[in-house]
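S.K.:
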Amino acid sequence: KQMEFISLAAHELRGPITVMRGLVDILQDEAGPKLSSEHNELITRIIVSARQLAGYVDNILGASRVDRDTFEVHLAEASWSNVVAQSVRDLSVRAQAHHRTLECKIAKDLPSVAVDSSAIMHVINNLVDNAIKYSPENGKVIVNAVLKDDFVETTIQDFGIGIPANVVDNLFTKFYRSHRSKQIVSGTGLGLYLCKAIVEAHGGSIWVRSTEGSGTTFGFTLPTYASVADQIKAGASEEGIIRGNHGWIKNHALYRR
Ligand code: ATP
Ligand code: MG
């Protein structure tokens, strides 16, 4: 019930946020060159905050779709380095505004992956957002990806506060936030819940390794396009099924827990 109300409200927020983001982008493009660096800095801060607001709204709407079993992914072939580069470009502005460095080490020669680009960008956004939020000023965040058999494994590493071993099992649960993070930074506790749903809907898996006080690495896998191309093509006609680490999923079908 609570989620239903929140998602209705989030849905209404979407329109005005999109308008604000579009207008501030125009302002930056057209007025930016004539403004002082201080005023440009203010515009950048508006852009970063508007993106963050849009991220909250996306998380709420995504999580509510997962809850209602109406969350779908539409898998297609994509260059992983391009998808990540596009996300990282946007996230670098946020990292910079928070005085963090974002490093991206994605090899250009990775095979293409089978992804729903807009859904999977939420995963990168949430994991990098966390890495920025839960690490100190001037901290570094490293995004890396390697090929592992039929999967591309992407990792997001930070050198921040880390996660106590006894709470790791709770991280991917809806609304979960650790005690310490509640004190230092705001959040809804929906990000990782949604990340898990999205990654598993792709037939991949998500994991975390962390040492309290020294840093955290989140990783997730996605199938290479070649390994699932036949099923995706079959799915385009009807019952395409993809073998994931967590069982069978259907392309163009609902994610089910
Ligand atoms: P939001 O919904 O805005 O993302 P959130 O960041 O609190 O809020 P999640 O992204 O789901 O929610 O993360 C859940 C919890 O996991 C966080 O509150 C934090 O305690 C812990 N956590 C996640 N990522 C990290 C990280 N990189 N370093 C340390 N703790 C983390
Ligand atoms: Mg988060």
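Per the working numbering, the very first residue in the sequence shown carries number 954; after that it's consecutive.
For every residue, glycine included, the Cβ atom is placed at its ideal position computed from N, Cα and C.
1) Would you kindly report the start and end of the unbroken alpha helix (DSSP H) that includes Asn1035?
2) With DSSP collapsed to three states, give me the class of Phe1128.
3) Could you work out which residue in Ser1040, Val1099, Arg1133 and Asp1062 is closest to Ala1072 when comparing CA atoms only?
4) Could you name the residues of the same chain whose beta carbon sits closer than 7 angstroms to that of Leu1063, not counting the 5 residues immediately before and after it, in chain order?
5) Could you pull out every residue in the same chain whose Cβ sits closer than 6 angstroms to the Cβ of Val1138, ignoring the five residues on either side in sequence?
6) Using alpha carbons as the reference points, say which of Ile1109, Arg998, Gly1156 and Pro1117 lies closest to Ile977.
7) Using a Cβ-based criterion (distance less than 7 angstroms to any ligand heavy atom), does Gly1115 qualify as near the ligand MG?
8) Does at least one heavy atom of the ligand MG sit under 7 angstroms from the Cβ of Gly975?
9) Spatial neighbours of Arg1210 within its chain, please: CB distance less than 8 angstroms, with the 5 preceding and 5 following residues excluded, ordered by chain position.
10) Are Ser1088 and Asp1111 close, meaning C-beta to C-beta below 8 angstroms?
11) Name the two residues that bound the continuous alpha helix (DSSP H) containing Lys1061.
12) Could you please give the first and the last residue of the uninterrupted alpha helix (DSSP H) stretch that includes Val1120?
13) Name all residues in chain order for which at least one heavy atom of the ligand MG lies closer than 7 angstroms to the residue's CB.
14) Sort Ala1050, Met973, Gly1142 and His1132 by Cα distance to Leu995 and report the nearest one.
15) Distance check for Ser989 and Glu1191, CA to CA, integer angstroms please.
M.R.: Straight from the coordinates:
1) Trp1033 to Ala1050 is the extent of the alpha helix (DSSP H) around Asn1035.
2) coil
3) Ser1040
4) Trp1033, Ser1034, Ala1098, Leu1100 and Val1105
5) Lys1086
6) Reading off the sequence shown, one finds Val at residue 977, where the question assumed Ile. If you compare the alpha carbons of Ile1109, Arg998, Gly1156 and Pro1117 with that of Val977, the shortest gap goes to Arg998.
7) No, Cβ of Gly1115 sits at least 7 angstroms from all heavy atoms of the ligand MG.
8) The answer is no for Gly975.
9) Confidence is the limiting factor: at Arg1210 the pLDDT is only 46, short of 50, which leaves the residue's position unreliable, though a coordinate-based value still follows. Correct list, in chain order: Val1019 and Ala1150.
10) yes
11) Per DSSP, Lys1061 belongs to no alpha helix (DSSP H) and is neither H nor E.
12) Note, Val1120: premise wrong, no alpha helix (DSSP H); not H, not E.
13) For the ligand MG, the selected residues are Asn1079, Asp1082, Asn1083, Lys1086, Gly1140, Gly1144 and Leu1145.
14) Ala1050
15) For Glu1191, the predicted structure reports a pLDDT of 44, less than 50, and the residue's modelled location is therefore unreliable. A value from the coordinates is still provided. Those two C-alpha atoms are separated by around 57 angstroms.
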